[in-house]
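What follows is a set of notes on a single structure, which appears directly below.
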């Protein structure tokens, strides 16, 4: 009991140190498979535990006032995994997207779902469910949940370049119109995603895996690496990450003081 009270007190102290709240957090949810191995569980249950933790984390984020969350859920490299694991993941994604229109939190909080990545690589039934889920939230502007599926950072920029080139060929743009702003407009096929303030990676990995290179690296976002596997990620870990961002903001502000 005493330990629980001390932990709660420590969490409150860390929360008080989060004087600046990021608008956009991107999360690399790493460690579902290692969590499953550690708990002697099937991989599918490790991924399901991760999905459950994601729902909890989204509640914490809204409570803190974070309006934009981008989740790195499935990369283009993940297609190289065992076919049965990929099948299980797609089934889990489909289940979660089907639940979006029925989730009262989505409508109460005005959460808009957006899926980014190369959809042409996804099964047709999953693409259809994604479009349905996105359509049911299209008018919402309270919070934005971006899910990166079949996503690759370099591929994202290549696809944007192709769309811009098609526009030049049609006569929509002139070469002189190509600016960083135009590239950002074409990065996510019409989805509006602001620059990333903070990247979080779990699972004790110290790399950003080419995640949102234009919006994160291009804007010099803060990065926070932590040890827990994603299913073990706690609100305290989120607060520690935000504290890191807040300290960086304050350091930057101090440099500009007269």
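Residue numbers (the numbering used here): -14 to 243.
Ideal Cβ positions, reconstructed from N, Cα and C, are used throughout, including at glycine.
Collapsing the DSSP output to three states places residue 99 in a strand. A contact between stretches requires three or more CB pairs, one per stretch, nearer than 8 angstroms, and the stretch 74 to 94 meets this requirement with the stretch 109 to 118. Note that the C-beta distance between residue 17 and residue -11 is not below 8 angstroms. Taken through DSSP and simplified to helix, strand or coil, residue 212 comes out as coil. Minimum Cα-Cα distance from residue 52 among the listed residues 37, 21, 9 corresponds to 9. Between residue 209 and residue 226, the C-beta spacing is below 8 angstroms. For residue 54, no alpha helix (DSSP H) run applies; the uninterrupted beta strand (DSSP E) run containing it begins and ends at 53 to 60, by DSSP. The DSSP-derived three-state label of residue 75 is helix. The secondary-structure analysis by DSSP pairs residue 25 with nothing; it has no beta-bridge partner. Residue 235 and residue 134 have their C-alpha atoms some 34 angstroms from each other.
Selection 230, 238, 122, 240 evaluated against residue 6 yields 230 as nearest (Cα-Cα).
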